[in-house]
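*Asks:* Mind having a look at this structure? Questions to follow.
There are 2 protein chains.
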Amino acid sequence: MTTKKDRTPGRPRRFDPDQAVATAQGLFHAKGYDSVSLAELTEALRIKPPSFYAAFGSKHGLYARVLDRYAETGAIPLGDILRDDRPVADCLKALLEDAARRYGADPKTPGCLVLEGSRANDTDARAASSAFQVAAEGVIRAYVAERFPEAADRVTNFIGTVMVGLSAKARRGHDVDRLLASARIAGHALSQELSR
Amino acid sequence: MTTKKDRTPGRPRRFDPDQAVATAQGLFHAKGYDSVSLAELTEALRIKPPSFYAAFGSKHGLYARVLDRYAETGAIPLGDILRDDRPVADCLKALLEDAARRYGADPKTPGCLVLEGSRANDTDARAASSAFQVAAEGVIRAYVAERFPEAADRVTNFIGTVMVGLSAKARRGHDVDRLLASARIAGHALSQELSR
DNA sequence: GAGGTTTTATAGTGATGACTACAAAAAAGG
DNA sequence: CCTTTTTTGTAGTCATCACTATAAAACCTC
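Sequence order for the protein chains is S and L. All the letters of the first sequence, read from the start, carry residue numbers 8 to 203 under the numbering used here. All the letters of the second sequence, read from the start, carry residue numbers 8 to 203 under the numbering used here.
Structure, rendered in structure tokens:
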């Protein structure tokens, strides 16, 4: 049903904006927001700057769409991992291990797009990425707080710290095995922290 | 003895290069290599670009001197912390806690200059910083390997992961208390990992 | 004070960053 | 066919980046 052949007046687009967002996601994930230039983007998308700006408004506009797409397709499915019918510590360990696997899965796009974007030099890109990061940490904190309200803050901070570290190490070329080993060691600490 | 009044021919310098390196260290640490422009540097140092290039050769040249200075004045004193007369796990915990305290000590210069520099967009700055990071991890690995050869690699990777995470969280504005809390949770995992 | 040496300030360089004015091209409706 | 609407490609804009050519200024030795 969602074919692009609607009956709209005007010259038709010669490219698919959704496909362009997917391509841009690969670039931003591989090189980071700052290191992807507009010239590089327009070349990869096979379009000229005016077409780019007509479709996305700005580099930030495209990045915002990339973040949305990442949240749907590439990010960690927190809702599936943080389960109410299993021990909290087990789920948090699963979270860290999922992160390790995801961050090291594709050497072309290592780490987490959101966490790395939160450290961009560009102020707007950093703010946009940080919003997703804050939201994710909020979900984790709420999940822990349900059964361990006293420990929720420090456990969430610890998880966030380890995940940022895993993403950074993935970017330095660490493979899944090494990331998983660190994730599991961190997991041991969680058992201890959440055992009354 | 090291006054700057040597009997050398030529017009005398109107600024102290060592003091300039110290000032630049503050700037690089506060904003990151990429975000400090030459215009900003020359303004902060109260010198013009030609004086800058005569003294340091390039922005990279100054950054190299800043890294050397940081290793001497601001970095974690690994030699003092990793002691042979105390349990390895205790010393590694002390290392993480020292990192937490250092990274959060001054809100103007949060995190670790070396670890953050290793994630710069500029290739040369990244390489120069990474050399220090690799060297530091080598010291840690050798220290652990002396008494726990089998665990040295994964423990060192874990420590490195947590330290990068602590530095990143410091940059996001986390205070010393929160950093210390995460460092201590990580420390629990180390006890477990190094208890035969 | 003349000649040699080094640092200084003025005023640039070329490359690259994100972004845009403009008019031709390609579709629809009348 | 003519008008309207939207996208396209050409060819720029201006700001900022790290860096530099040049010559005057400030010190030394002789």
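Every residue gets a Cβ at the ideal spot worked out from N, C-alpha and C, and that includes glycine. Fair warning: this is a prediction, and the values are worked out from it, not measured in the lab.
To which residues of the same chain is S:Thr80 closer than 6 angstroms at the C-beta, ignoring the five residues directly before and after it?
*Replies:* none
*Asks:* Can you list the residues of chain S that L:Thr168 reaches, using a CB-CB cut of under 7 angstroms?
*Replies:* Here the neighbours are Val169, Gly172, Leu173, Lys176 and Ser189.
*Asks:* Return the chain-ordered ranges of every alpha helix (DSSP H) run that is complete within the region 130 to 192 of chain S and spans a minimum of 4 residues.
*Replies:* As far as the region 130 to 192 of chain S is concerned, its whole alpha helix (DSSP H) runs of at least 4 residues are 130 to 154 and 159 to 178.
*Asks:* Using 8 angstroms as the limit for Cβ to Cβ distance, is S:Ala101 near chain L?
*Replies:* no
*Asks:* Any contact of the region 24 to 40 of chain S with the region 82 to 101 of chain S, i.e. 3+ C-beta pairs under 8 angstroms?
*Replies:* no
*Asks:* Could you compute how far the alpha carbon of S:Ala134 sits from the alpha carbon of S:Ile166?
*Replies:* CA-CA distance, S:Ala134 to S:Ile166, rounds to 21 angstroms.
*Asks:* Check L:Gly4 in the structure and name its three-state DSSP category.
*Replies:* Limits of chain L in this structure are 8 at one end and 203 at the other, which puts residue 4 of chain L out of reach.
*Asks:* If you run the structure through DSSP and keep just helix, strand and coil, what is L:Leu52?
*Replies:* helix
*Asks:* Tell me the residue span of the alpha helix (DSSP H) that contains L:Arg72.
*Replies:* Lys66 to Thr80
*Asks:* Could one say the Cβ of S:Gly17 lies closer than 8 angstroms to chain L's Cβ atoms, at least one of them?
*Replies:* no
*Asks:* Just the chain S side, please: which residues come within less than 9 angstroms of L:Glu200 by C-beta, in chain order?
*Replies:* Ile192 and His195
*Asks:* Going by beta carbon distance, what residues of the same chain come within less than 6 angstroms of L:Lys11, once the five residues before and after it are set aside?
*Replies:* Here L:Lys11 scores only 42 on pLDDT, less than 50, and its place in the model is too uncertain to base an answer on.
*Asks:* Return no unless some Cβ of chain L is closer than 8 angstroms to the Cβ of S:Ser42.
*Replies:* yes
*Asks:* For L:Pro114, count the other beta carbons within 10 Å of its own beta carbon; 16 or more makes it buried, fewer makes it exposed. Which is it?
*Replies:* exposed
*Asks:* Check whether the Cβ of L:Arg108 lies closer than 8 angstroms to any Cβ atom in chain S.
*Replies:* With 8 angstroms as the cut-off, L:Arg108 does not count as an interface residue toward chain S.
*Asks:* Could you tell me whether any Cβ in chain L is nearer than 8 angstroms to the Cβ of S:Gly33?
*Replies:* No, its Cβ sits nowhere closer than 8 angstroms to a Cβ of chain L.
*Asks:* S:Gly39 versus chain L: which residues are under 8 angstroms apart at the beta carbon?
*Replies:* Asn128, listed in chain order.
*Asks:* Taking only beta-carbon positions, decide if L:Phe165 is within less than 8 angstroms of chain S.
*Replies:* yes
*Asks:* Nearest-angstrom Cα distance between S:Ser136 and L:Arg53?
*Replies:* 36 angstroms
*Asks:* Between S:Ala61, S:Thr49 and S:Asp160, which has its C-alpha nearest S:Thr30's C-alpha?
*Replies:* S:Thr49
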